[in-house]
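Let me begin by presenting the structure, written as structure tokens, before commenting on it.
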């Protein structure tokens with residue numbers, strides 16, 4: 013590791029903290045504006061807690077920003093790609109934006125959500141391929157070693173983990189509007205495929221089959237164990253989130269969903 017990389021570590025850590033603090037302040041301002049615009053609806057405190065929890069998990073994962081070994085990388089991947097996205101998605105940031113923005117801005121967001129590219133990207137199958145499929149590409153090709161040898165590659169990898177993780181959590185159990193999202197059986201099927209794929213990739217890493225990770229075998233095995241058990245817990249939480257957000261929808265019926273969408 014170069015001297016320049018050592019020197020840039022604290023600067024990167026401060027930058028990460030400042031960005032996360034700015035997001036927390038922006039979220040707080042959006043909540044205040046949404047409540048002022050519609051005092052009767054308010055904004056659930058637990059959603060704010062969920063958002064702050066997601067930011068905190070990102071801070072834990074990214075400060076210090078560079079993992080020093082493969083188990084640390086895998087723990088960082090679990091936090092950035094699975095746990096933090098679930099907390100952020102359950103905070104319903106798009107719904108908050110729709111309530112906080114003026115009508116013109118809300119209409120623009122709604123138009124984007126209904127656009128064909130957004131509908132395709134937010135489909136559970138697309139999100140599954142982007143999140144879980146990319147793990148096979150990362151660990152079964154030289155991509156991981158290349159990314160870890162360059163600071164820019166590491167940050168691009170972290171950004172991909174976060175984006176794909178948020179997209180998958182939204183596609184499976186997100187409370188935000190998701191035009192064209194399939195029903196619960198299809199989402200449960202995609203979640204089951206993700207669980208199986210994570211297990212297979214973790215087992216391949218543990219056994220050294222088809223993988224291309226330049227690290228001591230004991231580190232690779234510890235990282236594989238973190239992926240196997242940490243992924244199971246995260247996906248169990250995602251399944252719980254899906255069930256808890258599904259039940260009220262079944263009781264309320266189609267007309268209640270229409271009234272909710274119209275009130276945003």
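Residue numbers (the working numbering): 13 to 276. Where a beta carbon is used, it is the ideal one built from N, C-alpha and C, also for glycine. Treat the numbers as computed from the prediction; the structure is a model and nothing was measured.
Residue interval of the alpha helix (DSSP H) (run including residue i)
{"i": "residue 157", "result": "155 to 160"}
{"i": "residue 166", "result": "163 to 185"}
{"i": "residue 129", "result": "128 to 133"}
{"i": "residue 149", "result": "146 to 152"}
{"i": "residue 52", "result": "Here residue 52 belongs to no alpha helix (DSSP H), and DSSP marks it neither H nor E."}
{"i": "residue 138", "result": "136 to 140"}
Collapsed DSSP secondary structure at residue i in the structure displayed
{"i": "residue 196", "result": "helix"}
{"i": "residue 220", "result": "coil"}
{"i": "residue 190", "result": "coil"}
{"i": "residue 232", "result": "helix"}
{"i": "residue 257", "result": "helix"}
{"i": "residue 226", "result": "coil"}
Classification of residue i by the beta-carbon crowding that lies within 10 angstroms, buried from 16 upward
{"i": "residue 55", "result": "buried"}
{"i": "residue 173", "result": "buried"}
{"i": "residue 26", "result": "exposed"}
{"i": "residue 210", "result": "buried"}
{"i": "residue 235", "result": "buried"}
{"i": "residue 171", "result": "exposed"}
{"i": "residue 162", "result": "exposed"}
{"i": "residue 52", "result": "exposed"}
{"i": "residue 120", "result": "exposed"}
{"i": "residue 82", "result": "buried"}
{"i": "residue 123", "result": "exposed"}
{"i": "residue 186", "result": "buried"}
{"i": "residue 33", "result": "exposed"}
{"i": "residue 199", "result": "buried"}
{"i": "residue 177", "result": "buried"}
{"i": "residue 49", "result": "exposed"}
{"i": "residue 184", "result": "buried"}
{"i": "residue 30", "result": "exposed"}
{"i": "residue 226", "result": "exposed"}
{"i": "residue 89", "result": "buried"}
{"i": "residue 164", "result": "exposed"}
{"i": "residue 135", "result": "buried"}
{"i": "residue 266", "result": "Confidence in residue 266 is poor, its pLDDT being 47 and thus under 50, which makes the residue's placement too unreliable to answer from."}
{"i": "residue 140", "result": "buried"}
Whole-angstrom distance between residue j and residue i, CA atom to CA atom
{"i": "residue 146", "j": "residue 233", "result": "20 Å"}
{"i": "residue 65", "j": "residue 237", "result": "24 Å"}
{"i": "residue 255", "j": "residue 47", "result": "28 Å"}
{"i": "residue 96", "j": "residue 242", "result": "13 Å"}
{"i": "residue 222", "j": "residue 143", "result": "19 Å"}
{"i": "residue 115", "j": "residue 107", "result": "13 Å"}
{"i": "residue 194", "j": "residue 22", "result": "44 Å"}
{"i": "residue 41", "j": "residue 117", "result": "16 Å"}
{"i": "residue 85", "j": "residue 44", "result": "37 Å"}
{"i": "residue 217", "j": "residue 98", "result": "25 Å"}
{"i": "residue 192", "j": "residue 126", "result": "8 Å"}
{"i": "residue 17", "j": "residue 159", "result": "The predicted model places residue 17 with a pLDDT of 49, which falls under 50 and marks its position as unreliable, so this point remains unresolved."}
{"i": "residue 87", "j": "residue 93", "result": "10 Å"}
{"i": "residue 137", "j": "residue 104", "result": "21 Å"}
{"i": "residue 63", "j": "residue 102", "result": "8 Å"}
{"i": "residue 260", "j": "residue 245", "result": "With a pLDDT of 48 at residue 260, under the threshold of 50, the modelled position of that residue is not reliable, and the figure given next carries that caveat. Distance between the alpha carbons of residue 260 and residue 245 is about 24 Å."}
{"i": "residue 37", "j": "residue 67", "result": "11 Å"}
{"i": "residue 70", "j": "residue 91", "result": "7 Å"}
{"i": "residue 182", "j": "residue 224", "result": "31 Å"}
Cβ of residue i within 8 Å of any chain D Cβ
{"i": "residue 187", "result": "Within the model displayed, chain D is absent; a lone protein chain is all it includes."}
> Whole alpha helix (DSSP H) runs in the stretch 56 to 125 with 4 or more residues, listed along the chain?
Replying inline: Contiguous alpha helix (DSSP H) elements confined to the stretch 56 to 125 occur at 57 to 74, 82 to 90, 96 to 102 and 105 to 112, taking only those with 4 or more residues.
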